[in-house]
Amino acid sequence: MWIQQKTDTLAPLEELQGRTVGLKFECNQCHTEVFTDLLGVPAPDSDASSLDATDQFETEEIKCPGCDMIHSITVKSTFDGVRFDVSDVTADKISYQVAEPEA
C-alpha cells in the first residue's frame, strides 16, 4: 500500500526504522512516474553529543526512465520521524511503501 507523504508531517520512525522502503514520485520534467529500488531507513544516532547531531541521512540518485533526468533522493531520519526528499519534487508528490520482511 502506497502512503502519500505529507508536506508538514514526518513519517513515523517506529514504523520505518530498520525497514526498507520503495518510493514513487512524478518527475517534474517529463511527468513520468518513477519508482525506486528499496532504500534503507537509517536509525537516528542515539550516541550523538547533541540533539542536533542525532539526524542521519542516506542519499542516492535515480535516473528518470522517461527523460534521463537525475534525481537525488535523501532519506532523513530523526527521533521525530522520517522525511523523504527528492530533488526538484515537492514533498506532497512523493509516496512510500514499506517492504514486507522476508520470511
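First residue of the sequence shown? That's 76 in my numbering, and the numbers climb one at a time after it. Glycine included, every Cβ here is placed at the ideal spot set by N, Cα and C.
Here phenylalanine 132 is exposed, its C-beta having fewer than 16 other C-beta atoms within 10 Å. Sequence-distant partners of aspartate 155 (beyond 5 residues in either direction) whose C-beta falls short of 7 Å from its own C-beta, in its chain, are Leu85. The alpha-carbon separation between glutamate 90 and asparagine 103 amounts to approximately 29 Å. For glutamate 135, the enclosing beta strand (DSSP E) has its first and last residue at 131-138.
If you look at leucine 88, you'll find it in the alpha helix (DSSP H) that goes 88-91.
DSSP places aspartate 120 in the coil class of the three-state scheme, outside both helix and strand. Per DSSP, the unbroken beta strand (DSSP E) holding arginine 158 starts and ends at 156-161.
In the DSSP annotation of this structure, the continuous segment of the beta strand (DSSP E) that includes threonine 95 starts and ends at 95-101. As DSSP reads the structure, leucine 114 sits in a beta bridge with Val96. Here lysine 81 carries a coil assignment [DSSP, helix/strand/coil]. Scanning its chain for C-beta atoms nearer than 8 Å, with the 5 sequence neighbours on each side dropped, one finds around glutamine 80 the residues Ala86, Arg158, Phe159, Ala166, Asp167, Ile169, Ser170 and Tyr171, in chain order.
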